[in-house]
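Okay, so here's the structure we're looking at.
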Amino acid sequence: MKNLILYIITITIVLPITLQEVYNEAEPGNGYDKYVVLDPNQIYEGGLYMFEGSTYINCQGSTINLNGGAGISVFADDYYNATLDVEYCTIYDGETYGINYTGSSSGNVSNCNFVSNDIGLVLMDYSEVNLKNSNFMENHRYGLGIISEEPILHATYSNFWDNPEGDCAENCPG
């Protein structure tokens with residue numbers, strides 16, 4: 008029994024859980040195509056690409072470590088709708104972004120922390136995002152980047168600090 012417990016602990020430490028794995032295994036719920044509730048005591052690794060459907064992610068305070076790679080990307084167009092509602096996450100160490108809404112994607116971001124990404128949250132093209140109660144700190148360039156003139160951002164009660172090139176940038180280079 009002792010060996011079994013040690014084995015389980017070792018496997019849990021050695022084999023991290025990826026965000027993609029959790030997303031792939033998620034079931035529909037509460038009106039979403041993918042309803043994801045993460046374990047608050049777990050660090051999830053890697054990014055995620057969403058090209059269709061509606062997704063809800065509740066991190067319950069857990070961390071998504073992007074490990075210097077791509078972040079969470081949501082893309083929609085005239086043929087495939089994609090939405091992402093995310094809350095209570097710390098999104099860390101994205102090479103290009105923490106979360107990127109592009110095309111005609113939309114979503115809600117609330118009670119999240121964006122730390123040490125190149126740009127914490129990126130809106131491009133015709134995306135529309137509601138941002139609420141989130142923190143953007145120590146991202147390498149900007150906390151929030153709006154790339155192009157078309158995205159719509161509704162932001163309330165969010166904080167920005169120690170983002171070297173600026174906390175928020177409109178029409179910034181991507």
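In terms of my numbering, the sequence shown opens at residue 8 and continues consecutively.
Virtual Cβ for every residue (Gly too), placed ideally from N, Cα, C.
Assign residue i to buried or exposed, taking buried as 16 or more other Cβ atoms, counted over all protein chains shown, within 10 Å of its Cβ.
i      : result
Tyr86  : exposed
Ile18  : Confidence in Ile18 is poor, its pLDDT being 47 and thus under 50, which makes the residue's placement too unreliable to answer from.
Asn31  : exposed
Pro158 : buried
Asp125 : buried
Asn170 : buried
Thr103 : buried
Thr62  : buried
Asn37  : exposed
Gly114 : buried
Can you find the residues in the same chain that come closer than 6 Å, C-beta to C-beta, to residue i, ignoring five residues on each side of it along the sequence?
i      : result
Ile153 : Leu130, Glu177
Gly173 : Tyr149
Ile50  : Thr70, Asn72
Trp168 : Met144
Leu26  : Tyr51, Gly53, Leu55, Ile71
Asn166 : Asn142
Ile98  : Ile71, Gly105, Phe121
Return the first residue and the last residue of the alpha helix (DSSP H) that residue i is part of.
i     : result
Glu52 : Element bounds for Glu52: not the alpha helix (DSSP H) but the beta strand (DSSP E), 50-52.
Asn31 : 26-32
Assuming the contact rule is C-beta atoms closer than 8 Å, residue i and residue j should be a hit. Round their C-beta distance to whole Å, please.
i      : j      : result
Gly101 : Ala77  : 7 Å
Phe121 : Gly105 : 5 Å
Ile65  : Glu94  : The residue asked about is misnamed: residue 65 is Asn in this sequence, not Ile. Sure, about 6 Å apart at Cβ, within 8 Å.
Ser123 : Asn140 : So it is not a contact: roughly 20 Å between Cβ atoms.
Tyr108 : Val81  : 5 Å
Leu91  : Leu128 : Contact flag wrong, Cβ pair sits at about 11 Å.
Whose C-beta lies closer than 7 Å to the C-beta of residue i among residues of the same chain, with five residues either side of it excluded?
i      : result
Ala33  : Lys41, Tyr42, Val43
Leu160 : Leu130, Val136, Leu138, Ile153
Ala89  : Met57, Phe58, Glu59, Gly60, Val81, Phe82, Ala83, Ser112
Where does the unbroken beta strand (DSSP E) through residue i begin, and where does it stop?
i      : result
Tyr104 : 104-110
Asp174 : 173-177
His147 : Careful: His147 lies outside any beta strand (DSSP E) and carries neither H nor E.
Asn120 : 120-122
Asn137 : 135-139
Can you give me the Cβ contacts of residue i inside the same chain, cut-off strictly under 8 Å, excluding the 5 residues immediately before and after it?
i     : result
Gln67 : Val44, Leu45, Asp46, Pro47, Tyr95
*What are the start and end residues of each continuous beta strand (DSSP E) run of 3 or more residues lying completely inside the region 38-101, in chain order?*
Runs of the beta strand (DSSP E) inside the region 38-101: 39-44, 50-52, 55-57, 60-65, 70-72, 79-83, 89-94, 97-99.
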